[in-house]
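Trainee: Quick note: to get this note's numbering, add 296 to the position in the sequence shown (first position is 1).
Just so it is clear, CB atoms sit at the ideal spot from N, CA and C, and this is done for glycine as well.
None of the values given here were measured: they were computed from a predicted structure.
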Amino acid sequence: MSAAGYVRTVHSASLIFGSTEPPQDDAAETYHEASKLYCSTAARQTRSRLLESHLGLQVSSLRSVKRSSHLPFVALAEPALSTASFADTIESRRSERAFGEDPISAVELSSLLHAAYGVTHELDLGMPGAGPRLRTVPSGGALFPLEVYVVPWRVESLPIALYHFDPLRRLLERLRGGELEGDVRGAMFYDELAVGCGALFLISGVFWRTRFKYGLRGYRFALLECGHLAQNILLAATAFGLGSVPIGGFYDRRADELLGLDGVNESTLYAIAVGTLGNAE
Ligand SMILES: Cc1cc2nc3c(=O)[nH]c(=O)nc-3n(C[C@H](O)[C@H](O)[C@H](O)COP(=O)(O)O)c2cc1C
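1. How would you label Ser388, buried or exposed, when you count the other beta carbons within 10 angstroms and need 16 or more for buried?
2. For the segment 450 to 535, which segments carrying the beta strand (DSSP E) assignment without a break, of at least 3 residues, lie completely within its bounds, in sequence order?
3. Can you give, in chain order, each stretch of the beta strand (DSSP E) that sits fully within the segment 382 to 435 and has at least 3 residues?
4. Following the continuous beta strand (DSSP E) through Gly571, name the residue where it begins and the one where it ends.
5. Between the alpha carbons of Val451 and Asp398, how many angstroms are there, rounded?
6. Does the distance from the C-beta atom of Ala412 to that of Ile312 stay below 8 Å?
7. Looking at the structure shown, is Tyr334 part of a helix, part of a strand, or coil, going by DSSP?
8. Using DSSP with H/G/I as helix, E/B as strand and the rest coil, what is Ala323?
9. Are the beta-carbon atoms of Phe485 and Tyr547 separated by less than 8 Å?
10. Apply the 10 Å Cβ neighbour rule to Gly406 and answer buried if 16 or more other Cβ atoms are within range, or exposed otherwise.
11. Of the choices Leu409, Ala300 and Glu317, whose alpha-carbon is the least far from that of His307?
12. Using DSSP bridges, identify the partner residues of Tyr579.
13. Could you pull the DSSP bridge partners for Ser540 from this structure?
14. Using only the alpha-carbon positions, how far apart do Arg429 and Leu353 sit?
15. Quick one: what's Pro448 bridged to in DSSP?
16. Please go through the same chain and pick out, in chain order, the residues whose beta-carbon is closer than 8 Å to the beta-carbon of Val361, but skip the five residues on each side of it.
17. Just the C-alpha distance for Pro448 and Val480, rounded to the nearest angstrom, thanks.
18. Below 7 Å, is the gap between the Cβ of Gly544 and the nearest heavy atom of ligand 1?
19. Hey, is Lys332's beta-carbon within less than 8 Å of any beta-carbon in chain C?
20. If you count every other CB in all the chains shown that lies within 10 Å of the CB of Gly537, and 16 or more means buried, which is it?
21. Consult DSSP for Phe546 and reduce its assignment to one of helix, strand or coil.
22. Should Arg550 be counted as a contact of ligand 1 given a C-beta to heavy atom distance under 7 Å?
23. What residues in its chain sit with their C-beta under 7 Å from that of Ala526, if we drop five residues either side in the sequence?
24. How big is the Cα-Cα spacing for His524 and Ser315?
25. Leu471 and Leu367 - do their beta-carbons sit closer together than 8 Å?
26. Assuming the contact rule is C-beta atoms closer than 8 Å, Val570 and Ala483 should be a hit. Round their C-beta distance to whole Å, please.
27. Could you work out which residue in Leu531, Pro455, Glu562 and Glu392 is closest to Glu488 when comparing CA atoms only?
28. With the cut-off set at 8 Å, would you say Gly545 and Cys522 are in Cβ contact?
29. Nearest to Ile386 by CA position, among Leu531, Asn561 and Ser540, is which residue?
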């Protein structure tokens, strides 16, 4: 601090890189550089022709959800998003970390999932059910590389289990019941937050769904889309008067193990805790 009380903005290179210069092989710089789009190579980099000429890819892209039809499932209530004003919702969102004992309602849970990644439009290609289904969030190339999982600790009429959301059928596939708390705690840096909420949402990326078209840039697109999805959950929760907090602090391999993911083709990207608000002390 100078004598006049002026604090200089930090020169952060040494804080970030541990030295004043980034190493030649800094992984973040290398990745960012490799995922840049250039005029001269854009056509080759985006490979949009591959999708146009490949029926299997076209059909697979229309079904951009993991499906385990053999698993038991729970149909979700008709979603009904809150009609709270958009301005109030935007202004009042805050990360909340103390949740109440009251459960989230079944309609609230269904609406949070719908806000996250629900289907809102089907493009008419002349065959009902065959057109691309668009969602609440934008998606690079409408390829929808994300999957949504939820552990409802306190949700009206829904037994605690690990579920996977199928937005195309609007239901929850039950992946795993039994004792979950130990594994969820083990996977999360903020374990109290992850098990003390009403519902813990976990978002994963299925990277091939975007990489076959966008290459390394597709990985950026998956992360960007994950942010859209997460913000929708946070705002939908805020509009319902629920508390919510996004969580980046989890142990990736343990989170992948919890969700049954190989961590390469599909890996956990983000978590969001939502719950009713406790009484203010
Ligand atoms: C990418 C990301 C990761 C975050 N991870 C955590 C987390 O692991 N634990 C936590 O308590 N809050 C987490 N947060 C919430 C931030 O701490 C919070 O957004 C910030 O303090 C600003 O407060 P606000 O959300 O109330 O505006 C995360 C936020 C973002 C955007």
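Mentor: Reading off the structure:
1. Numbered from 1 along the sequence shown, position 92 holds the residue referred to as residue 388. The residue in question, Ser388, is exposed, as its Cβ has fewer than 16 Cβ neighbours within 10 Å.
2. Entirely contained in the segment 450 to 535, the beta strand (DSSP E) runs reaching 3 residues are, in chain order, 458 to 462, 467 to 472 and 495 to 502.
3. You should have 415 to 418 and 429 to 431.
4. Here the question's residue 571 lines up with position 275 in the sequence shown. It spans Glu562 to Gly571 - the beta strand (DSSP E) in which Gly571 sits, taken as one unbroken run.
5. On the sequence shown, residue 451 is found 155 positions in, with the first residue counted as 1. On the sequence shown, residue 398 is found 102 positions in, with the first residue counted as 1. Straight-line Cα distance between these residues: approximately 9 Å.
6. Counted from its first residue, the sequence shown places residue 412 at position 116. Counted from its first residue, the sequence shown places residue 312 at position 16. No, they are not a contact pair.
7. Reading the sequence shown from its first residue, position 38 is the one you call residue 334. Note: Tyr334 maps to coil in three-state DSSP.
8. Sequence index remark: in the sequence shown, residue 323 carries index 27 (1-based). Helix.
9. Translated into positions along the sequence shown, residue 485 becomes position 189. Translated into positions along the sequence shown, residue 547 becomes position 251. Yes, Cβ-Cβ distance for Phe485 and Tyr547 is below 8 Å.
10. Along the sequence shown, one-based indexing puts residue 406 at 110. Gly is not the amino acid found at residue 406; the sequence shown has Ser there. In summary, Ser406 is buried, with 16 or more beta-carbon neighbours lying within 10 Å of its beta-carbon over all protein chains present.
11. Reading the sequence shown from its first residue, position 11 is the one you call residue 307. The shortest C-alpha separation from His307 is found at Glu317.
12. With the chain covering only 297 through 577, there is no way to say anything about residue 579.
13. Indexing the sequence shown from 1 puts residue 540 at position 244. Per DSSP, Ser391 and Val570.
14. The sequence position of residue 429 within the sequence shown is 133, counting from 1. The sequence position of residue 353 within the sequence shown is 57, counting from 1. Taking the straight line joining both Cα atoms gives about 15 Å.
15. As a working mapping, residue 448 is identified with position 152 in the sequence shown. Beta-bridge pairing links Pro448 to Ala495.
16. Taking the sequence shown and counting its residues from 1, the one referred to as residue 361 is at position 65. Result list for Val361: Phe440, Glu443, Asp462, Pro463 and Leu464, in chain order.
17. Start at 1 with the first residue of the sequence shown, and residue 448 comes out as number 152. Start at 1 with the first residue of the sequence shown, and residue 480 comes out as number 184. When only Cα atoms are considered, Pro448 and Val480 end up about 12 Å apart.
18. Mapped onto the sequence shown, residue 544 falls at position 248. Gly544: yes, Cβ under 7 Å from ligand 1.
19. You won't find chain C in this structure, because it holds only one protein chain.
20. The sequence position of residue 537 within the sequence shown is 241, counting from 1. With fewer than 16 Cβ atoms within 10 Å of its Cβ, Gly537 is classed as exposed.
21. Here the question's residue 546 lines up with position 250 in the sequence shown. It is a strand residue.
22. Counting from 1 along the sequence shown, the entry for residue 550 is found at position 254. Arg550: no, Cβ never under 7 Å from ligand 1.
23. Locating residue 526 in the sequence shown gives position 230, counting from the first residue. Hits under 7 Å: Ile499, Pro542, Tyr566 and Ile568.
24. Counting from one through the sequence shown, the residue named residue 524 turns up at place 228. Counting from one through the sequence shown, the residue named residue 315 turns up at place 19. Answer to the nearest angstrom: the Cα atoms are 34 Å apart.
25. Reading the sequence shown from its first residue, position 71 is the one you call residue 367. Reading the sequence shown from its first residue, position 175 is the one you call residue 471. Yes.
26. On the sequence shown, residue 570 is found 274 positions in, with the first residue counted as 1. On the sequence shown, residue 483 is found 187 positions in, with the first residue counted as 1. The Cβ separation is near 18 Å, so there is no contact.
27. Counting from one through the sequence shown, the residue named residue 488 turns up at place 192. Proximity to Glu488 across Leu531, Pro455, Glu562 and Glu392 peaks at Glu392, based on C-alpha coordinates.
28. Position 249 of the sequence shown, counting from 1, holds the residue named residue 545. Position 226 of the sequence shown, counting from 1, holds the residue named residue 522. Not in contact: Gly545 and Cys522 (Cβ atoms no closer than 8 Å).
29. Numbered from 1 along the sequence shown, position 90 holds the residue referred to as residue 386. Ile386 has its Cα closest to that of Leu531, out of Leu531, Asn561 and Ser540.
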